[in-house]
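Be aware that the sequence shown starts at 62, since it is given in my numbering, and climbs by one per residue.
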Amino acid sequence: MDRYLSNDLWKQMASKHSILLGEPPEDSVRIVALNDLYEEAACRDYIRWFQTYIDAPDLKVAASMLVKRIGYLWTAPLMTALTFHHRHVSFSLQDSFLYHPALIKEGGTRFPFLAVSGLRAEALTPNREIQREKALEEIFALQLTPLFKMLAAIAPLPMSILWENIMVRIGPLYKLEAGETGEEHQHVQADFSYLTQEAPGALFDQRQNPFTRFTTCKDQIPIAKNERITCCFYYQMSGEYCRKCPKIDTENKSQLK
């Protein structure tokens with residue numbers, strides 16, 4: 062095992078993103094193996110249960126909320142490891158799980174957590190472009206896109222909503238502070254440019270790069286847009302709009318709570 066997986070960098074990030082290393086708690090309300098979600102019957106059963114458990118009005122809202130959560134639990138940590146820790150981290154879908162822990166106190170989240178096993182980490186070499194391409198293909202084309210296609214068909218809802226849900230989670234990782242310079246700055250900028258502009262659609266199992274439309278340019282540098290293009294349906298669960306919602310009418314402040 063790469064030493065990275067036993068050092069504080071990884072452990073702190075795993076804790077921050079609610080990743081449990083090992084088996085999910087036996088007293089969990091619900092446990093589902095990640096690879097089961099690629100089976101239509103199992104995925105449909107789980108998303109229906111999840112809709113009821115979080116009190117979502119329909120399957121499309123439940124599916125959208127689940128993908129936002131996956132962006133936080135799964136995508137953001139792997140992209141952080143890739144760009145900032147210079148590691149390609151992967152894990153076994155068969156031996157990893159989404160789980161809903163028993164609610165100990167009122168107000169605890171009903172959204173899932175991630176328990177991972179079979180972790181692997183590969184240090185990136187100075188010629189990292191090939192490894193970066195391989196990592197993106199694994200994360201997206203081989204793992205996330207098939208799941209998104211399944212959810213989009215079951216819900217149903219547009220894939221664009223799911224892709225933007227992921228962008229909302231990973232875009233802030235690459236937000237550079239004004240005045241930042243140096244090799245690390247250029248490195249982060251180059252990775253975001255590749256992820257959102259240069260990477261071909263094949264790395265996402267899509268006809269074209271699904272993140273490009275959710276970016277804009279500032280000083281000829283790609284950055285994530287401040288406002289969403291699609292709506293994630295958060296308002297249908299909470300009674301208020303998220304800060305990036307395209308449905309917000311800035312002329313009608315009464316929409317915001």
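C-beta atoms are modelled at their ideal positions from N, C-alpha and C, and glycine is treated no differently.
Please classify residue i as buried or exposed, where buried requires at least 16 neighbouring CB atoms within 10 angstroms.
i: C278; result: exposed
i: P233; result: exposed
i: Q258; result: exposed
i: G132; result: buried
i: D252; result: buried
i: S299; result: exposed
i: A377; result: Nothing about residue 377 can be read from this structure; the chain reaches only from 62 to 318.
i: T113; result: exposed
i: I165; result: exposed
i: K314; result: Below a pLDDT of 50, predicted positions are generally treated as unreliable, and K314, at 47, falls in that range; the measurement from the model is reported next regardless. Its Cβ having fewer than 16 others within 10 Å, K314 is exposed.
i: A117; result: buried
i: E312; result: Model confidence at E312 stands at a pLDDT of 42, short of 50, so the residue's coordinates are unreliable and nothing is read from them.
i: K77; result: exposed
i: A75; result: buried
i: K236; result: exposed
i: S67; result: exposed
i: P217; result: exposed
i: P283; result: buried
i: R181; result: exposed
i: R323; result: Outside the modelled stretch of the chain, which goes from 62 to 318, sits residue 323, for which no answer is possible.
i: K318; result: Note on K318: pLDDT 37, under 50, position unreliable in the model; no value is reported.
I believe residue i touches residue j by the beta-carbon criterion, under 8 Å. Please report the beta-carbon distance rounded to the nearest angstrom.
i: I191; j: A124; result: Contact doesn't hold; Cβ gap of about 34 Å is too wide.
i: E183; j: D63; result: 7 Å
i: F174; j: L223; result: Not really, about 20 Å apart at Cβ, beyond 8 Å.
i: L389; j: Y107; result: Residue 389 lies beyond the residue range present for the chain, which begins at 62 and ends at 318; the question has no answer from this structure.
i: F172; j: R130; result: 5 Å
i: L205; j: T136; result: 7 Å
i: A260; j: L197; result: 6 Å
i: M211; j: E101; result: 7 Å
i: V128; j: N270; result: Incorrect: roughly 18 Å between the Cβ atoms, too far for contact.
i: F294; j: V122; result: 4 Å
Compare the C-alpha of residue i against each of the options and name the closest.
i: T144; options: P187, S89 and Q112; result: P187
i: I290; options: A202, I309, P138 and M74; result: I309
i: L154; options: A251, E87, L208 and P271; result: L208
i: G345; options: H78, L82 and Y295; result: Residue 345 falls outside the range modelled here, since the chain spans only 62 to 318, and no answer is possible.
i: A285; options: V229, I165, L139 and A163; result: V229
i: V90; options: L237, S221, Q247 and G169; result: G169
i: L159; options: C104, C306 and K166; result: C104
i: L203; options: R193, L264 and I227; result: L264
i: I200; options: G243, F111, L218 and L256; result: L256
i: Q281; options: Q250, D266, C293 and E84; result: Q250
i: P86; options: S254, P307, S157 and H248; result: S157
i: K195; options: L139, N287 and Q73; result: L139
i: S79; options: Q247, K305 and P162; result: P162
i: Y65; options: I92, V150 and V93; result: V150
i: W41; options: N287, C303 and R148; result: Since the first and last residues shown for the chain are 62 and 318, residue 41 lies out of range.
i: A213; options: Q247, E288, M126 and E245; result: M126
i: E245; options: H146, R268, G262 and I92; result: H146
Let's see if you can read the secondary structure: which residues bound the beta strand (DSSP E) around residue i?
i: V90; result: From DSSP, V90 is part of no beta strand (DSSP E); its letter is neither H nor E.
i: I80; result: I80 to L82
Return the first residue and the last residue of the alpha helix (DSSP H) that residue i is part of.
i: L256; result: Unbroken run through L256: none, as it is neither H nor E.
i: N96; result: Taken as a continuous stretch (DSSP letters only), N96 belongs to no alpha helix (DSSP H), as it is neither H nor E.
i: N226; result: M220 to I231
i: S76; result: D69 to K77
i: D106; result: E101 to Y114
Give the list of continuous beta strand (DSSP E) stretches no shorter than 3 residues that lie fully inside the stretch 124 to 207. With a minimum length of 3 residues, the continuous beta strand (DSSP E) runs that stay inside the stretch 124 to 207 are 148 to 151, 158 to 161, 174 to 177 and 181 to 184.
Length-filtered (4 minimum) alpha helix (DSSP H) runs lying within the stretch 258 to 308: Counting whole runs of 4 or more residues, the stretch 258 to 308 contains the alpha helix (DSSP H) stretches 296 to 299.
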